[in-house]
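Heads up: the structure comes next, in structure tokens.
Residue numbers (the numbering used here): 10 to 367.
Here's what the structure looks like:
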């Protein structure tokens, strides 16, 4: 009888995407075949404590912010949840990791998707699903990501990087420099967040000032991008040395743009898979997606997002997500489903890629 693979599923975390991670993790845990895997759920609280034993997913879900939890909490804002968490045993990853064959870090955002946890797992000597330290760090930081894409010759909308300290010390000069190079409307983003947290679309100077202040509350580096009238096209990438790209999909936001509410809470945004694109444009999207994956030295998985200009048909690379939303109804999984790979098969393949090594 073949021994089962012992899989640690890691979820929660300290980022603003904590609640999204819980929903992704629940789907992964439910998909793992008990005949093939011994599963060890491992939670990370919002204050950074690693917990094991009992049911850490249920405890973290009960303690979650119901306003940010897609689908609503299992128990609405349980006042005893944090007390319950305190009763769980602390999980020591560098020692307990030796008893795991592989870890599936279903973490989104800083302190999880940005190379920090990946570095810890490298030190622990435990194989893990997804991109390595370098790709995770570059993929999380939009400034470094865009620099890598530009160096690889990939098409980008005009953009600027602004340091928070320069914005705070030289507000008027910073705004003047932005307006000299970019035209309204603009998108303002923290460099190191996902799920559209802290992002604003602005059409004038007063709104730009407010947007910079908002983004500066999340990060010390800010990205300002030229806004265009665009379709939002996405494609999933899977693999290590020979990655493959899925059938592309399209997001039709329920709001003016695809913010956190439109992504996770309203349920009104439309997903079109496959995206209605000519065959040659579909091939170009897939080609650029694999080049983007290679540009950051990706491994395992990533979702690559594009902007297709409605006015002139120009295709721009927007960003790469090294641990995208990972439920069966998330774009990443749905695009692979349309490409012939079920959610359970996708999870199996990712674990195999992790054990294969990057």
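Backbone N, C-alpha and C define an ideal beta-carbon position, used for all residues, glycine too.
Counted as a single uninterrupted DSSP element, the beta strand (DSSP E) harbouring residue 113 occupies residues 111 to 114. The straight-line gap separating the alpha-carbon atoms of residue 341 and residue 308 is approximately 15 Å. In the displayed model, residue 32 falls within a helix according to three-state DSSP.
For residue 142, the enclosing alpha helix (DSSP H) begins and ends at 142 to 149. It is roughly 9 Å from the alpha-carbon of residue 250 to the alpha-carbon of residue 303. If you compare the alpha carbons of 244, 190 and 21 with that of residue 33, the shortest gap goes to 21. Bridge pairing for residue 239: 318 [DSSP]. Of the residues assessed, residue 354 falls on the exposed side of the cut-off, its CB having fewer than 16 other CB atoms within 10 angstroms.
Taking residue 17 as the centre and dropping the five residues before and after it, the same chain places the C-beta of 49, 51, 109 and 112 closer than 6 Å to its C-beta, in chain order.
Contact between residue 294 and residue 324 is confirmed by a C-beta separation of about 7 Å, below the 8 Å threshold.
Taking a C-beta distance under 8 Å as the contact criterion, residue 237 and residue 257 do not qualify as a contact pair. If the five residues before and after residue 57 are omitted, its C-beta is found closer than 6 Å to the C-beta atoms of 23, all from its own chain and listed in chain order. In the DSSP assignment, residue 212 is bridged to no other residue.
Residue 178 carries a helical assignment under DSSP once its states are collapsed to helix, strand and coil. Ranking 217, 135 and 255 by CA distance to the CA of residue 185 puts 217 first. Within the region 283 to 346, the runs of alpha helix (DSSP H) that reach at least 4 residues and sit entirely inside it are, in chain order, 288 to 304. Taking a C-beta distance under 8 Å as the contact criterion, residue 255 and residue 344 qualify as a contact pair. In this structure, the CA atom of residue 193 is about 7 Å from the CA atom of residue 235. Contact check for residue 195 against residue 228 fails: the beta carbons are separated by 8 Å or more. By the neighbour-count criterion, in which a residue is buried when 16 or more other Cβ atoms sit within 10 angstroms of its Cβ, residue 121 is buried. Residue state for residue 254 is assigned as strand, using DSSP reduced to three classes.
Using a 10 angstroms sphere on the CB of residue 330, the tally of other CB atoms reaches 16 or more, which defines it as buried. For residue 46, no alpha helix (DSSP H) encloses it; the enclosing beta strand (DSSP E) starts and ends at 46 to 53. For residue 21, the enclosing beta strand (DSSP E) has its first and last residue at 14 to 21. Remark: C-beta atoms of residue 284 and residue 232 do not approach each other more closely than 8 Å.
DSSP places residue 195 in no alpha helix (DSSP H) but in the uninterrupted beta strand (DSSP E) bounded by 195 to 199.
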